[in-house]
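Peer 1: Position in the sequence shown counted from 1, then plus 535, gives you this note's numbering. Glycine included, every Cβ here is placed at the ideal spot set by N, Cα and C.
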Amino acid sequence: MSATPNDIPHDYDMSGSLWMRLVDASSMSVFFFFEYLLARDVYLHLDAAPSGLATWLLPLALVLGYITADFVSGFVHFLADNIGSTRTPFFGPVFIRPFREHHIDPLAITRHDFLEVNGANCLISLPVLIGTWYFVPIHGTGSLFFAAYIGLFLFGIFLTNQFHSWAHHPNPPGWIRRIQRTGLILGPEHHARHHTPPFNTYYCITSGWLNPLLARTRLFERLKEPLRRVLEPIAGKADEVGGVQE
Ligand SMILES: [Zn+2]
Ligand SMILES: [Zn+2]
536 MSATPNDIPH DYDMSGSLWM RLVDASSMSV FFFFEYLLAR DVYLHLDAAP
586 SGLATWLLPL ALVLGYITAD FVSGFVHFLA DNIGSTRTPF FGPVFIRPFR
636 EHHIDPLAIT RHDFLEVNGA NCLISLPVLI GTWYFVPIHG TGSLFFAAYI
686 GLFLFGIFLT NQFHSWAHHP NPPGWIRRIQ RTGLILGPEH HARHHTPPFN
736 TYYCITSGWL NPLLARTRLF ERLKEPLRRV LEPIAGKADE VGGVQE
């Protein structure tokens, strides 16, 4: 990896612009509004599941949702690191570029404020969140489980970039360090493996729980070529920005 932070081109950098801040702020407001509606529906329909069932079904839905967030964080991170151009309209600057830049300047994420770090994940979660709330009303055990699962899955996606940012922070607050040590969220030592050559493993950045399993099975590596062939015509050829291309 020879690129330095000075090599990052700024012609396509939309982060920090008034437009992006408006997009981030409105995405986050709408995200929290619908997360609240979904959580309220789950709470009001706890009796939709037979008595006693909700007490173990809900925690299971929440844990599975959190694990799904870890997997999706890894899969999206893998795609953004390896496939697509930073100059592809909209997707390039909003979703691909931050990942490529992150490999040139891993500490940049710690200098971004809360809106900048977390806005894009709110935006991309909205179709699933609003779709679940609107199209899957809770009327039984299955829909109760599904609503809780999606609610926590998307909340995990919302937290992902924050956890990632804290994993890079040179001096995080003590309480964050303590949570990182429990393994509940991504820790700096664990994530450091992703930033070690050849930069092709440990992509999951929510809790990182799935990283050892995915590294052992080499799932993402196996998917790389087939996905590149399918997605490259749409997403463009991966550019060198980020130095993560072999
Ligand atoms: Zn990466
Ligand atoms: Zn990182």
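Mind reading off the beta-carbon distance from Ile631 to Ala615? Whole number of angstroms is fine, and I expect it under 8 Å.
Peer 2: Confirmed, about 5 Å.
Peer 1: Going by DSSP in three states, His730 sits in which element: helix, strand or coil?
Peer 2: Three-state DSSP puts His730 in coil, outside helix and strand.
Peer 1: May I ask you to report which of helix, strand or coil DSSP gives Tyr782?
Peer 2: Because residue 782 is not part of the residues shown, which for the chain are 536 to 781, the question remains open.
Peer 1: Could you tell me how far apart the beta carbons of Ile714 and Phe569 are, in whole angstroms, since I believe they sit closer than 8 Å?
Peer 2: About 26 Å; that fails the 8 Å criterion.
Peer 1: Quick one: residues in its chain with C-beta nearer than 6 Å to the C-beta of Ser552, no 5 flanking neighbours on either side, listed in chain order?
Peer 2: Answer for Ser552: no residue qualifies.
Peer 1: Comparing the CB of His699 with every heavy atom of ligand 2, is any distance shorter than 7 Å?
Peer 2: Yes, ligand 2 has a heavy atom inside 7 Å of this Cβ.
Peer 1: Tell me whether Phe610 counts as near ligand 1, meaning its Cβ is closer than 7 Å to at least one heavy atom of that ligand.
Peer 2: False, no ligand heavy atom lies under 7 Å from that Cβ.
Peer 1: Grab the span of the alpha helix (DSSP H) containing Asp616 for me, first residue to last.
Peer 2: Per DSSP, Asp616 belongs to the alpha helix (DSSP H) from 588-617.
Peer 1: Taking the runs of the alpha helix (DSSP H) that are 4 residues or longer, which of them lie wholly in the region 652-735?
Peer 2: Whole alpha helix (DSSP H) segments, 4+ residues: 676-703, 709-717, 723-727.
Peer 1: Does the region 739-747 come close enough to the region 588-607 to have 3 or more Cβ pairs within less than 8 Å?
Peer 2: Yes, the region 739-747 is in contact with the region 588-607.
Peer 1: Pro707: beta carbon under 7 Å from a heavy atom of ligand 2?
Peer 2: False, no ligand heavy atom lies under 7 Å from that Cβ.
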